[in-house]
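A.B. asks:
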Amino acid sequence: MSLIIQWFRQDLRISDNPALFAAVNKGEVLPIYILDDENAGKYKIGSASRIWLHHSLEKLNESLEHKLRIFAGDAKEVIAQLLQKYDISAVYWNRCYEPWRIKRDQAIKEMLKRLGVEAHSFNGSLLIEPWELLKEDNSFYKVFTPFYKKAYLEGFLTCNPISKPHKLMISNQRIECLDLDSLKLLPTSTWSEKVISHWQIGEEAAYKKLEYFLQNGINDYKEGRDFPDKQNVSYLSPHLHFGELSPRQIVYNIHNKVSDRNLEHFLREITWREFSYYLLYHFPELPDKNFQSKFDYFPWRENTTLLNAWQKGETGYPIVDAGMRELWQTGYMHNRVRMIVGSFLVKNLLLPWHHGRDWFWDCLLDADLANNSASWQWVAGSGADAAPYFRIFNPILQGKKFDPEGSYISRFIPELNKLPKQFLFNIWEAPTSVLKKAGITLGQNYPNPIIDLKYSREKALQAYNSIK
DNA sequence: TGAAATGTTGGGGCG
DNA sequence: ACGCCCCAACATTTC
């Protein structure tokens, strides 16, 4: 009996997996995963995401009765060899939208066609596939709100997920493949263990997290989501990235359980993810090239010292540093803080957004080419429907506004714990006696501010003016 | 999904 | 009593 390949990619789940559902109806399934760093090239998975991937594959393998076959290398080559060695009649997968993957998958589809092997691809990752929603004049949306409205009216934001396959018939055939450990996804440092200790990984955990969010966080989502120390955000991003959970499952469940302004706001955030994929598809250079070409002439500067300080969370601005340390310690950063540290890098430090992109790509468990590219361009002002350049966050005010008790700051910068709240956001203005009492010596155990806010703001506005 | 600069208003102190 | 000034507090404009 010939085998059906179910090729898992960014859909590491059993439920609401259209390719898998179709494949199991067809016959005996051979589930495979291919770590394809070759085709990914410079877009290959970052360090933090690899840790997640390792554990997620482990979980998926459990759900598949420990019969997930793992490979590494050029996916086309891997599949070609499987076809040569074994009797395979079809390959099933859910589509991905990264430009390098689209190109690769097209080539694979052609190869399969040539060899007379069926190839079936499905939509398992998006509510709106990028070609499904265009403006009247057939061009693509470049502004979020009209995109959102249209998607809403056309019914893209309500849907029914499909169920788990009733019965999995997974092949027992002996297949030459790798074991998970040989992919070497886990770094040898203790960093990876620490990062991952904050998370539960896999389909089951993702679903539990969704349920928890729907019972708790979402009830005050509209207001609470801006406060990094509150638990009002979903924390679903890494699960979504690896497809342990689908946007369809999320949307289906929120429609069932809530219906108010909090729902609307969360739905908008889910749709921002769709919009990012949409932009990436219609503008494949998004990860590297300014969406607005006038930014090609923007006078960024290069400064390794400033970049290092930002990366390590040693800028001297507590809300920025807390965010960067959250990222380093947990592989995640609260969205409000992502905007603050982004604005700081690009506007106050005047460093190119690409540096932020690269650091996030390596450190975030939820690093996602579409979201990361679109969001950094949004912050920089070079993107579609981006933040206007003059919108420059003041880290002191943002800290006071969104972490009024300083609880987020002291969670990640415990050395500031003894400092009275009134000086927590502008430490350098605290009297020496206060600093001494709090055990802080600026420049020793907490840095002096690396730039002057007022001056850097003026410089940023000048730079913006220069490309108008 | 900002912040700073500038403009306006209105109450209170005071000559 | 009245006008003048000061300055919060709030609103509008500008970057």
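Residue numbers (numbering that gives the first Met the number 0): 0 to 467.
Every residue, glycine too, gets a C-beta built ideally from N, C-alpha and C.
#1: Measure from the alpha carbon of Lys112 to the alpha carbon of each residue in Glu128, Ile78, Glu97 and Lys134, then state which is nearest.
#2: Does the region 305-314 come into contact with the region 322-332, if we say contact requires no fewer than three beta-carbon pairs (one atom in each stretch) closer than 8 Å?
#3: Grab me the residues of Ile450's own chain with a C-beta within less than 6 Å of its C-beta, minus the 5 sequence neighbours each way, in chain order.
#4: Does the beta-carbon of Tyr454 have 16 or more other beta-carbons within 10 angstroms, so that it is buried, or is it exposed?
#5: Between the C-alpha atoms of Leu182 and Asn16, what's the straight-line distance to the nearest angstrom?
#6: Work out the CA separation of Leu235 and Cys176 for me, nearest whole Å.
#7: Output the distance between the C-alpha atoms of Ile395 and Trp427, rounded to the nearest integer angstrom.
#8: Put Gln421 into one of helix, strand or coil per three-state DSSP.
#9: Could you tell me how far apart the beta carbons of Tyr463 and Phe411 are, in whole angstroms, since I believe they sit closer than 8 Å?
#10: Do Arg8 and Arg100 count as a contact pair if the criterion is CB distance below 9 Å?
#11: According to DSSP, simplified to helix, strand and coil, what is Arg456?
#12: Just the C-alpha distance for Gly216 and Ile174, rounded to the nearest angstrom, thanks.
#13: Looking only at its own chain, which residues have a Cβ that is under 7 Å from the Cβ of Asn370, when we skip the five neighbours before and after it?
#14: Would the beta-carbon of Ile33 fall within 9 Å of that of Phe70?
#15: Quick one: what's got a C-beta closer than 7 Å to Tyr220's C-beta in the same chain, skipping five residues either side?
#16: Using 8 Å as the cut-off, can you tell me whether the region 112-124 makes contact with the region 16-26, which would need three or more C-beta pairs spanning the two stretches below that distance?
#17: Compare the C-alpha of Val116 against each of Leu82, Asn252, Ser48 and Thr270 and name the closest.
#18: So what's Tyr32 in DSSP terms, helix, strand or just coil?
#19: Work out the CA separation of Ile408 and Tyr211 for me, nearest whole Å.
#20: So within the region 96-177, which uninterrupted beta strand (DSSP E) runs reach at least 3 residues, ignoring any that extend past its ends?
#21: Please return the same chain residues whose Cβ sits closer than 7 Å to the Cβ of Tyr296, not counting the five positions on each side in sequence.
#22: Count the other CB atoms within 10 Å of the CB of Met338; is the residue buried (16 or more) or exposed (fewer)?
#23: By Cβ distance, which residues of its chain are closer than 6 Å to Ala22, with the 5 residues on each side in sequence left out?
#24: Measuring CB to CB, does Gly45 end up less than 9 Å from Trp360?
#25: Taking the alpha carbon of Gln443 as the reference point, which residue from Phe424, Glu414, Arg335 and Tyr140 has its own alpha carbon closest?
#26: Would you list the residues sitting across from Ile4 in a DSSP beta bridge?
#27: What is the rounded straight-line gap between the Cα of Pro164 and the Cα of Asp259?
#28: Using three-state DSSP, classify Phe212 as helix, strand or coil.
C.D. replies: On the basis of the data shown:
#1: Taking the first residue of the first sequence as 1, we reach residue 112 at position 113. Comparing Cα-Cα distances from Lys112 to each of Glu128, Ile78, Glu97 and Lys134, the minimum goes to Ile78.
#2: yes
#3: Indexing the first sequence from 1 puts residue 450 at position 451. Asn347.
#4: The sequence position of residue 454 within the first sequence is 455, counting from 1. Exposed, since its Cβ has fewer than 16 Cβ neighbours within 10 Å.
#5: On the first sequence, residue 182 is found 183 positions in, with the first residue counted as 1. On the first sequence, residue 16 is found 17 positions in, with the first residue counted as 1. One C-alpha to the other measures close to 25 Å.
#6: Within the first sequence, the letter at position 177 stands for residue 176. Within the first sequence, the letter at position 236 stands for residue 235. In a straight line, the C-alpha of Cys176 is about 31 Å away from that of Leu235.
#7: Along the first sequence, one-based indexing puts residue 395 at 396. Along the first sequence, one-based indexing puts residue 427 at 428. The alpha-carbon atoms of Ile395 and Trp427 are separated by roughly 12 Å.
#8: Translated into the one-based positions of the first sequence, residue 421 becomes position 422. Note: Gln421 maps to helix in three-state DSSP.
#9: Mapped onto the first sequence, residue 463 falls at position 464. Mapped onto the first sequence, residue 411 falls at position 412. Wrong, their Cβ atoms sit about 31 Å apart, outside the cutoff.
#10: Residue numbering aside, residue 100 sits at position 101 when the first sequence is read from its first letter. Residue numbering aside, residue 8 sits at position 9 when the first sequence is read from its first letter. Their beta carbons are under 9 Å apart, which means Arg100 touches Arg8 by this criterion.
#11: Start at 1 with the first residue of the first sequence, and residue 456 comes out as number 457. The answer is helix: DSSP assigns Arg456 an H, G or I state.
#12: Counting from 1 along the first sequence, the entry for residue 216 is found at position 217. Counting from 1 along the first sequence, the entry for residue 174 is found at position 175. Computed Cα separation, rounded: 45 Å.
#13: What you label residue 370 is simply residue 371 of the first sequence in a count that begins at 1. Result list for Asn370: Arg272 and Ser275, in chain order.
#14: Numbered from its first residue, the first sequence carries residue 33 at position 34. Numbered from its first residue, the first sequence carries residue 70 at position 71. Yes, the pair counts as a contact, with Cβ atoms nearer than the cut-off.
#15: Mapped onto the first sequence, residue 220 falls at position 221. Within the same chain, Tyr220 has close Cβ partners Asn231, Asn261, His264 and Phe265.
#16: yes
#17: Start at 1 with the first residue of the first sequence, and residue 116 comes out as number 117. Answer by Cα proximity: Leu82.
#18: Here residue 32 refers to the residue found at position 33 of the first sequence. Three-state DSSP puts Tyr32 in a strand.
#19: The residue you call residue 211 lines up with position 212 of the first sequence. The residue you call residue 408 lines up with position 409 of the first sequence. Taking the straight line from one Cα to the other gives about 25 Å.
#20: 117-121
#21: For the purposes of this step, residue 296 is identified with residue 297 of the first sequence, where counting begins at 1. Cβ within range, chain order: Ile466.
#22: Here residue 338 refers to the residue found at position 339 of the first sequence. Buried.
#23: As a position in the first sequence, residue 22 is number 23, starting the count at 1. Around Ala22: Ile3, Gln5, Val28 and Tyr91.
#24: Position 46 of the first sequence holds residue 45. Position 361 of the first sequence holds residue 360. Taking 9 Å as the Cβ cut-off, Gly45 and Trp360 qualify as a contacting pair.
#25: Here the question's residue 443 lines up with position 444 in the first sequence. Of the listed residues, the one whose Cα sits closest to Gln443 is Glu414.
#26: Within the first sequence, numbered from 1, the residue matching residue 4 stands at position 5. Answer is Leu29 and Val90.
#27: One-based indexing of the first sequence puts residue 164 at position 165. One-based indexing of the first sequence puts residue 259 at position 260. Computed Cα separation, rounded: 33 Å.
#28: Residue numbering aside, residue 212 sits at position 213 when the first sequence is read from its first letter. The answer is helix: DSSP assigns Phe212 an H, G or I state.
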